[in-house]
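If you're matching positions, the sequence shown starts at 0 in numbering that gives the first Met the number 0 and goes up one per residue. Let me begin by presenting the structure, written as structure tokens, before commenting on it.
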Amino acid sequence: MKAPLQLFFVITFLGSVLRARTETDSCTSNLNLKAPTPFDTTNLQCLSVWDAQGFILRYVQTSTNIWSFILSTPDTNSYIAIGFSASGSMVGSSAIVGWVASRGASGGIKQYYLGGVTPNQLETTEPLSWLILATGSTGLFPAAPNYSLTKHLDKFSTRIDYSKVNNGSSQVINGSSSSQGDSCDSKLNLSIPLNFDTTKLNCLSIWNAQGYILRYSQTSSNIWSFILSAPNQNSYISIGFSPNGGMVGSSAIVGWISSNGVTGGMKQYYLAGYAPNQVVPDRGNLPIINNSTMITSQSSRLYMVFQLQTNQPLSRLIYAVGPNGVFPTVPSFVLMQHQDKVSVTVNYATVVIDAELGRENHNSIIRNCDREGARTT
């Protein structure tokens with residue numbers, strides 16, 4: 000099987016260029032562009048900013064007022080975009096959009112303004128730290144004369160500290176590194192905006208051995224909002240919804256941010272079996288609401304946020320923590336076997352749980368209402 004094409008999106012104050020190559024890319028590989036660039040590419044900072052779509056961002060401050068960028072992504076026969084936002088939202092941001100049609104039939108780069116209520120007049124001494132990355136619908140590109148941009152197929156917002164070479168997001172955000180715990184007795188105080196009310200969330204200390212905290216609420220008649228909190232152990236975290244309590248046949252949401260903030264992402268997996276090749280990325284039966292997923296690292300904990308469109312979520316949940324330092328990566332996003340897991344049954348109405356511990360003793364059932372700190376709010 001041939002490796003997918005890679006788009007290298009090069010942006011400078013002096014100009015821009017877009018090229019396609021038949022090689023994979025990563026921050027551990029040397030950048031070897033055949034097209035000449037008007038700046039030195041040997042000292043570029045590199046971030047895996049969007050693992051789910053394979054987006055790699057390289058950048059450098061070329062001079063006091065010139066910043067140079069190279070955005071690399073798989074060529075999926077769709078446009079790619081990087082937007083710069085003052086607030087993290089799409090409205091009011093400015094984006095650079097590039098595309099090369101399959102077989103090179105057409106291609107181009109344009110700047111777009113995502114109009115809002117305020118004029119696009121913002122002077123800064125460095126690039127805006129909130130970036131919005133997007134990929135377009137397959138085969139649909141801007142075209143003369145109006146160059147209309149069709150709605151993105153997927154998007155991802157991330158915040159970058161250019162000086163520390165760390166990335167974060169509303170699918171991956173790096174926050175404070177100070178060590179603070181989380182509990183159902185503490186107030187949830189996330190540094191990123193969410194699109195649902197967090198003041199009325201039910202809270203369960205769902206897995207004390209791993210410090211997992213689950214918050215949830217029924218936002219409307221058919222929308223449920225979830226926040227899973229866990230210590231950032233440089234491992235992936237996951238929550239699976241099972242029709243029968245077993246792993247096989249369940250669908251899971253998996254999230255990760257490496258401890259150094261270089262890589263992060265979030266995906267749905269379908270567990271067709273126990274082997275890694277039977278855990279299928281981008282498949283599953285969870286009705287995840289578009290643009291509702293995000294994962295952030297804050298105070299040495301991961302907070303994984305998502306919403307489901309359903310009248311009643313499955314009550315049998317499976318939580319897992321992955322091996323240290325091993326994350327899903329492009330292009331296959333294989334999920335390595337967990338190092339520990341726990342199965343629980345949640346009564347969403349009364350906010351109580353039964354738990355079945357993972358590891359070796361899979362038959363040890365305990366009532367968690369009192370001992371594991373289940374809360375009623």
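Every residue gets a Cβ at the ideal spot worked out from N, C-alpha and C, and that includes glycine. Here the structure is a predicted model, which is why all the values come from computation and not from measurement.
Practice problem: Select from SER71, TRP66, THR63, ASP39 the residue whose C-alpha is nearest the C-alpha of SER28. | Solution: Residue 28 sits at position 29 when you count from the first residue of the sequence shown. Checked all of SER71, TRP66, THR63, ASP39; the closest Cα to SER28 is SER71.
Self-check item: Own chain residues within Cβ distance below 6 Å of GLN217, not counting five before or after
Solution: As a position in the sequence shown, residue 217 is number 218, starting the count at 1. TRP223.
Practice problem: Could you check what DSSP says for ALA51 in three-state terms: helix, strand or coil? | Solution: Mapped onto the sequence shown, residue 51 falls at position 52. Under the three-state reduction of DSSP output, ALA51 falls in the helix class.
Self-check item: Rounded distance between the beta-carbons of SER234 and GLY180, thought under 8 Å
Solution: In the sequence shown, counting from the first residue as 1, residue 180 sits at position 181. In the sequence shown, counting from the first residue as 1, residue 234 sits at position 235. Cβ-Cβ separation between GLY180 and SER234: approximately 17 Å, too far for a contact (criterion under 8 Å).
Exercise. Compute the Euclidean distance between the alpha carbons of ILE238 and THR349, then round it to the nearest angstrom.
Key: Here residue 238 corresponds to residue number 239 of the sequence shown, with the count starting at 1. Here residue 349 corresponds to residue number 350 of the sequence shown, with the count starting at 1. For the pair ILE238 and THR349, the Cα-to-Cα distance works out to about 20 Å.
Self-check item: Residues that DSSP places opposite GLN44 in a beta bridge
Solution: Counting from one through the sequence shown, the residue named residue 44 turns up at place 45. Bridge partners of GLN44: TYR58.
Quiz item: Hey, SER77 and ILE131 are a contact pair by Cβ (cut 8 Å); roughly how many whole angstroms apart?
Solution: Your numbering for residue 77 matches position 78 in the sequence shown. Your numbering for residue 131 matches position 132 in the sequence shown. Taking 8 Å as the upper bound for CB-CB distance, SER77 and ILE131 are not in contact here, some 16 Å apart.
Exercise. Output the boundary residues of the beta strand (DSSP E) element that contains LEU301.
Key: Position 302 of the sequence shown, counted from the first residue, corresponds to residue 301. Segment 300-308, the beta strand (DSSP E) holding LEU301.
Quiz prompt | Segments assigned beta strand (DSSP E), at least 3 residues, entirely inside the region 306-342 | solution = List check, beta strand (DSSP E) in window: 315-320.
Exercise. Given a cut-off of 9 Å, decide if TYR273 and ARG282 are closer than it, judged by their beta-carbon atoms.
Key: As a working note, residue 282 is residue 283 in the sequence shown. As a working note, residue 273 is residue 274 in the sequence shown. Going by C-beta atoms, ARG282 is not nearer than 9 Å to TYR273.
Practice problem: Name, in chain order, the residues that DSSP records as bridge partners for VAL278. | Solution: Working through the sequence shown from its first residue, we reach residue 278 at position 279. Paired residue(s): LEU270.
Quiz item: Taking the beta strand (DSSP E) that LYS154 falls in, what are its first and last residues?
Solution: The count along the sequence shown starts at 1 and reaches residue 154 at position 155. Segment 153-160, the beta strand (DSSP E) holding LYS154.
Practice problem: Select from PRO141, LYS154, SER88 the residue whose C-alpha is nearest the C-alpha of GLY114. | Solution: Within the sequence shown, residue 114 is the residue found at index 115, counting from 1. With respect to the C-alpha of GLY114, the residue from PRO141, LYS154, SER88 having the closest C-alpha is SER88.
Practice problem: Use the C-beta contact count for PRO141: other C-beta atoms within 10 angstroms, 16 or more gives buried, fewer gives exposed. | Solution: Start at 1 with the first residue of the sequence shown, and residue 141 comes out as number 142. Per the 10 Å Cβ criterion, buried.
Practice problem: Return the CA-CA distance between ARG214 and LYS186, expressed in angstroms with no decimal places. | Solution: Position 215 of the sequence shown, counting from 1, holds the residue named residue 214. Position 187 of the sequence shown, counting from 1, holds the residue named residue 186. Distance between the alpha carbons of ARG214 and LYS186 is about 11 Å.
Quiz prompt | Alpha-carbon to alpha-carbon, THR197 and LEU307 | solution = Sequence index remark: in the sequence shown, residue 307 carries index 308 (1-based). Sequence index remark: in the sequence shown, residue 197 carries index 198 (1-based). Those two C-alpha atoms are separated by around 16 Å.
Quiz item: According to DSSP, is GLY180 helix, strand or coil?
Solution: One-based indexing of the sequence shown puts residue 180 at position 181. Looking at GLY180 - three-state DSSP - the assignment turns out to be coil, as it is neither helix nor strand.
Practice problem: Spatial neighbours of ASN221 within its chain, please: CB distance less than 7 Å, with the 5 preceding and 5 following residues excluded, ordered by chain position. | Solution: In the sequence shown, counting from the first residue as 1, residue 221 sits at position 222. Excluding five sequence positions before and after ASN221, the CB atoms of its chain that fall closer than 7 Å to its own CB belong to GLN308, THR309, ASN310, given in chain order.
Quiz item: Per DSSP, ALA110 forms a beta bridge with which residues?
Solution: Counting from 1 along the sequence shown, the entry for residue 110 is found at position 111. It should be pointed out that residue 110 corresponds to Gln in this sequence rather than to Ala. The partner list for GLN110 (beta bridge, DSSP) reads ILE95.
Practice problem: Report the option in TYR302, ASN31, ILE288 whose CA atom is closest to the CA atom of ILE294. | Solution: For the purposes of this step, residue 294 is identified with residue 295 of the sequence shown, where counting begins at 1. Residue TYR302 holds the alpha-carbon nearest to the alpha-carbon of ILE294 among TYR302, ASN31, ILE288.
Exercise. Leaving out five residues on either side along the sequence, give the residues of the same chain with a beta carbon under 8 Å from the beta carbon of THR137.
Key: Residue mapping note: residue 137 aligns to position 138 of the sequence shown, counting from 1. Taking THR137 as the centre and dropping the five residues before and after it, the same chain places the C-beta of THR75, ASN76, SER77, LEU152 closer than 8 Å to its C-beta, in chain order.
Self-check item: Exposed unless 16 or more other CB atoms sit within 10 angstroms - verdict on THR292
Solution: Indexing the sequence shown from 1 puts residue 292 at position 293. Per the 10 Å Cβ criterion, buried.
Practice problem: Could you please give the first and the last residue of the uninterrupted beta strand (DSSP E) stretch that includes VAL253? | Solution: Taking the sequence shown and counting its residues from 1, one reaches residue 253 at position 254. Segment 250-256, the beta strand (DSSP E) holding VAL253.
Exercise. Output the boundary residues of the beta strand (DSSP E) element that contains SER88.
Key: In the sequence shown, residue 88 corresponds to position 89, counting from 1. First-last for SER88: undefined, no H or E at that position.
Practice problem: State the DSSP-derived secondary structure class of GLN217, mapped to helix, strand or coil. | Solution: By 1-based counting over the sequence shown, the position of residue 217 is 218. Looking at GLN217 - three-state DSSP - the assignment turns out to be strand.
Exercise. Find the nearest neighbour of VAL341 within the set GLY82, PHE305, SER204, ILE55, judged by alpha-carbon distance.
Key: By one-based count along the sequence shown, residue 341 stands at place 342. Out of GLY82, PHE305, SER204, ILE55, the CA that lies nearest to the CA of VAL341 is found in SER204.
Self-check item: CYS202, enclosing beta strand (DSSP E) - first and last residue
Solution: The residue given as residue 202 occupies position 203 in the sequence shown. Note, CYS202: beta strand (DSSP E), 201-206.
Quiz prompt | Short Cβ contact (9 Å threshold) for ASP50 with GLN209 | solution = If you number the sequence shown from 1, residue 50 lands on position 51. If you number the sequence shown from 1, residue 209 lands on position 210. No. Outside cutoff.
Quiz prompt | Whole-angstrom distance between SER249 and CYS202, CA atom to CA atom | solution = Translated into the one-based positions of the sequence shown, residue 202 becomes position 203. Translated into the one-based positions of the sequence shown, residue 249 becomes position 250. Their Cα atoms are separated by approximately 23 Å.
Quiz item: Is it true that the CB of TYR347 sits closer than 9 Å to the CB of SER314?
Solution: Position 315 of the sequence shown, counted from the start, is the residue given in the question as residue 314. Position 348 of the sequence shown, counted from the start, is the residue given in the question as residue 347. For SER314 and TYR347, yes; Cβs fall inside 9 Å.
Quiz item: Going by the CB atoms, is the gap between ILE79 and THR377 shorter than 9 Å?
Solution: Only positions 0 to 376 of the chain appear in the structure, and residue 377 is not among them; the question remains open.
Self-check item: Nearest candidate by alpha-carbon position, reference ASP39, set ASN289, ILE212, VAL279, ARG57
Solution: Counted from its first residue, the sequence shown places residue 39 at position 40. The shortest Cα separation from ASP39 among ASN289, ILE212, VAL279, ARG57 belongs to ARG57.
Self-check item: Residues near LEU200 in its chain [Cβ-Cβ closer than 6 Å; skip 5 each side]
Solution: Along the sequence shown, read from residue 1 onward, the residue named residue 200 stands at position 201. Cβ within range, chain order: ARG214, SER216.
Quiz item: Is it buried or exposed for ILE159, if we count other Cβ within 10 angstroms and need 16 for buried?
Solution: The residue labelled residue 159 in the question sits at position 160 within the sequence shown. Buried: at least 16 other Cβ atoms inside 10 Å.
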